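Residues in the sequence shown are numbered consecutively from 385, following the working numbering.
Heads up, the beta-carbon is just placed ideally off N, CA and C, and yes, glycines get one too.
Remember, it's a predicted structure, so these values are computed and weren't measured experimentally.
Comments concern the structure below.
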Amino acid sequence: MFKMKVHWQIIIALVLGVVAGSLLQFLLGDGVAQSRWVLACEFLGKTVFIGLLKMIIVPLIFSSIVTGIAGLSGGAGFGRLGLKTLGYYFLSSMLAIVIGLGAVNVMKPGLVDGKPNPEVAKFIEKHSENFKKKGASVNEDATGLREDPHPLGIVGDLVERMIPTNVFKAASDNGAMLSLIFVSLLTAFGLRTIEGVGKEALVSAVGGLNKLMIKITGWIMRLAPIGVFGLMAATIAQTGPSFLLSMANYMLTVLIALGLHLFVALPLLLVFLGRVNPWRHFCAMRDALLTAFSTASSSATLPVTMRCLQDKAGVSKCTSSFVLPLGATVNMDGTALYECIAVLFVAQVMGASLDFAAQLSVVVLALLTSVGVAGVPSASLVAIVVIIQNVAEDQPWGGGAMAAVGAIYAVDRILDMCRTSVNIFSDSCGAVIVARSEGEKGVLAAKGAGGSLGGESEE
Ligand code: ASP
385 MFKMKVHWQI
395 IIALVLGVVA
405 GSLLQFLLGD
415 GVAQSRWVLA
425 CEFLGKTVFI
435 GLLKMIIVPL
445 IFSSIVTGIA
455 GLSGGAGFGR
465 LGLKTLGYYF
475 LSSMLAIVIG
485 LGAVNVMKPG
495 LVDGKPNPEV
505 AKFIEKHSEN
515 FKKKGASVNE
525 DATGLREDPH
535 PLGIVGDLVE
545 RMIPTNVFKA
555 ASDNGAMLSL
565 IFVSLLTAFG
575 LRTIEGVGKE
585 ALVSAVGGLN
595 KLMIKITGWI
605 MRLAPIGVFG
615 LMAATIAQTG
625 PSFLLSMANY
635 MLTVLIALGL
645 HLFVALPLLL
655 VFLGRVNPWR
665 HFCAMRDALL
675 TAFSTASSSA
685 TLPVTMRCLQ
695 DKAGVSKCTS
705 SFVLPLGATV
715 NMDGTALYEC
725 IAVLFVAQVM
735 GASLDFAAQL
745 SVVVLALLTS
755 VGVAGVPSAS
765 LVAIVVIIQN
775 VAEDQPWGGG
785 AMAAVGAIYA
795 VDRILDMCRT
805 SVNIFSDSCG
815 AVIVARSEGE
825 KGVLAAKGAG
835 GSLGGESEE
């Protein structure tokens with residue numbers, strides 16, 4: 385087992401987790417004994433594995449951005465990098481949204497024979513109180529979005545979250561990712577403008593910190609199989625099979641749309657914009673994809689994404705440390721696509737038809753809110769609530785829609801795992817495309833690409 389490459393270990397852990405979770409569900413039902421086992425599994429997955437990954441996010445992002453940008457030559461280079469990155473984020477998110485919109489309009493998962501799906505409607509009615517409560521508890525998470533709109537709109541909200549009132553407080557809060565990126569960028573630019581011994585000492589200290597964090601990421605990845613096992617077993621044990629069946633059409637629509645974006649749209653961007661072999665990129669990113677799938681958190685996966693991109697895909701530290709942390713926070717293709725499908729699904733189940741103008745506002749809101757959503761599990765549910773409130777204002781389906789969001793919440797985990805993988809893969813494609821356009825020759829060259837992380841032999 386220990387000689388095996390990390391991605392194989394993770395895949396085996398995933399399968400074992402599914403088996404263990406099903407056994408827990410089948411043998412122990414919903415009783416006290418089951419919840420104890422679920423708690424134990426969650427402890428392994430959430431407290432230990434995700435906890436360790438989150439532990440290193442702040443020093444890793446800070447040191448990566450500072451060492452990366454401090455090494456960039458010329459301010460114009462940075463402006464170009466920024467524009468290309470934002471252009472890519474916009475393009476890939478729009479592609480994702482169009483795919484989501486197409487899928488939900490063609491497959492109509494909320495309808496059966498042209499009428500609202502009676503199974504789902506019945507289920508929502510039966511569990512409506514419970515779901516309303518669950519929907520509310522989602523808002524308490526650090527999802528990054530607020531339900532009450534900022535008086536200056538989403539831009540005001542972003543700027544407010546970007547500027548910390550206290551640097552140290554921001555540095556101690558994983559939810560304050562935008563502030564951290566902002567402070568790190570300021571530090572990096574500041575360092576480029578000063579001279580002398582102080583500058584050299586600071587740059588080399590931050591460089592040392594970065595090396596240390598990369599080393600620790602490798603150690604944490606050795607625990608990945610155990611963490612993944614725990615996360616999978618807990619998820620499967622908690623998701624009842626009967627409800628999964630009545631939501632099957634919805635889940636299928638989301639999975640098909642995510643699959644199209646992951647396996648068709650993004651590879652096409654890699655080929656046409658990056659001129660690289662997409663298969664090689666998939667191989668290089670496999671540990672990150674599996675980690676995103678198991679943790680359902682782009683932020684927690686960031687250390688692994690960063691390591692895969694630099695070590696296996698050969699993207700320079702400078703490009704990857706600029707594109708990835710920003711991408712993990714603001715570029716969420718899977719999330720944007722999912723929000724579109726979810727909102728239109730809720731409308732279908734509620735028997736409301738959304739005309740072209742209403743669908744267009746769903747598109748715009750999905751694009752904007754996917755920027756604000758934090759890279760944590762189930763964060764999009766708050767965005768979905770925000771979009772419904774905006775689109776369904778004054779419409780009869782607005783009120784009941786919150787219960788329907790509860791139904792979505794019940795099957796969210798498995799879909800979250802898939803959309804998070806799409807989110808991080810899109811970030812990594814952006815980094816590859818930007819790196820190639822900057823003339824980085826070693827990106828996905830045959831030699832470096834496709835290995836695995838974490839093994840001592842490879843370090
Ligand atoms: N879990 C997703 C992520 O971390 C966000 C979401 O769509 O809920 O990327």
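(message) At a cut-off of 7 Å, would you count Tyr722 as near the ligand ASP, judging by its Cβ distance to the nearest heavy atom?
(response) Relative to the ligand ASP, the nearest heavy atom lies less than 7 Å away from the CB of Tyr722.
(message) Quick check: the Cα distance between Leu828 and Gln622, rounded to an integer number of angstroms?
(response) For Leu828 and Gln622, the distance between alpha carbons rounds to 40 Å.
(request) Might you give, ordered along the chain, the residues of its own chain that have their beta carbon closer than 7 Å to the beta carbon of Phe446, omitting 5 neighbours on each side? (result) Counting only Cβ-Cβ distances below 7 Å, and skipping sequence neighbours, we find Leu564 and Ser568.
(message) Looking only at its chain, what residues have a beta carbon closer than 8 Å to the beta carbon of Ile395, apart from the 5 residues adjacent to it on each side?
(response) Leu674
(message) Less than 8 Å between the beta carbons of Leu728 and Val746, yes or no?
(response) yes
(message) With a threshold of 7 Å (Cβ to nearest heavy atom), would Pro761 be considered close to the ligand ASP?
(response) Shortest gap from the CB of Pro761 to any heavy atom of the ligand ASP: under 7 Å.
(request) Would you list the one or two residues that DSSP bridges to Val496? (result) Lys499
(message) Rounded to whole angstroms, what is the Cα-Cα separation between Gly838 and His391?
(response) Confidence in Gly838 is poor, its pLDDT being 42 and thus under 50, which makes the residue's placement unreliable; the coordinate value appears in the next sentence. Taking the straight line from one Cα to the other gives about 10 Å.
(request) Kindly give me the distance between the Cβ atoms of Met616 and Val795, rounded to whole angstroms, as I take these residues to be in contact under 8 Å. (result) That belief does not hold up - the Cβ atoms of Met616 and Val795 are roughly 16 Å apart, past 8 Å.
(request) Leaving aside the five residues before and after Gln694 along the sequence, list all residues of the same chain whose C-beta is less than 7 Å from its C-beta, in chain order. (result) Lys701 and Ser704
(request) Within 10 angstroms of the Cβ of Ile578, are there 16 or more other Cβ atoms? Answer buried if so, exposed if not. (result) With fewer than 16 Cβ atoms within 10 Å of its Cβ, Ile578 is classed as exposed.
(message) So, under 8 Å CB-CB, Leu444 and Pro761 are touching, yes? Tell me the CB distance rounded to an integer number of Å.
(response) Going by Cβ atoms, the distance from Leu444 to Pro761 rounds to 20 Å, so no, they are not a contact pair.
(request) Count the C-beta pairs between the stretch 490 to 501 and the stretch 656 to 671 that are closer than 8 Å, then say yes if the count reaches three, no if not. (result) no
(message) Quick check on this structure: which residue in Ser821, Cys802, Leu744 and Gln732 has the alpha carbon closest to the alpha carbon of Phe494?
(response) For clarity, residue 494 is Gly in the given sequence; the question names Phe instead. Of the candidates Ser821, Cys802, Leu744 and Gln732, the one whose C-alpha sits nearest the C-alpha of Gly494 is Gln732.
(message) Which of the three DSSP states is assigned to Ser568 in this structure?
(response) helix
(message) Tell me whether Ala680, by its Cβ, gets closer than 7 Å to a heavy atom of the ligand ASP.
(response) yes
(message) With a threshold of 6 Å on Cβ separation, who are the neighbours of Glu503 within its own chain once the five nearest residues in sequence on each side are excluded?
(response) Ser630
(request) Output the boundary residues of the alpha helix (DSSP H) element that contains Asp739. (result) Segment: none, Asp739 is in no alpha helix (DSSP H) and carries neither H nor E.
(request) Any chance you could list the beta strand (DSSP E) runs of at least 3 consecutive residues sitting entirely within the stretch 413 to 460, in chain order? (result) none
(request) List the whole-angstrom C-beta distance separating Leu408 from Trp421, where the pair is believed to meet the contact cut-off of C-beta under 8 Å. (result) 5 Å
(message) Given a cut-off of 8 Å on the beta-carbon distance, is the pair Thr469 and Phe706 in contact?
(response) yes
(message) I'd like to know whether the C-beta atoms of Ala750 and Val757 end up nearer to each other than 8 Å.
(response) no
(message) Using a 10 Å radius around the Cβ and a threshold of 16 neighbouring Cβ atoms, would you call Asp811 buried or exposed?
(response) buried
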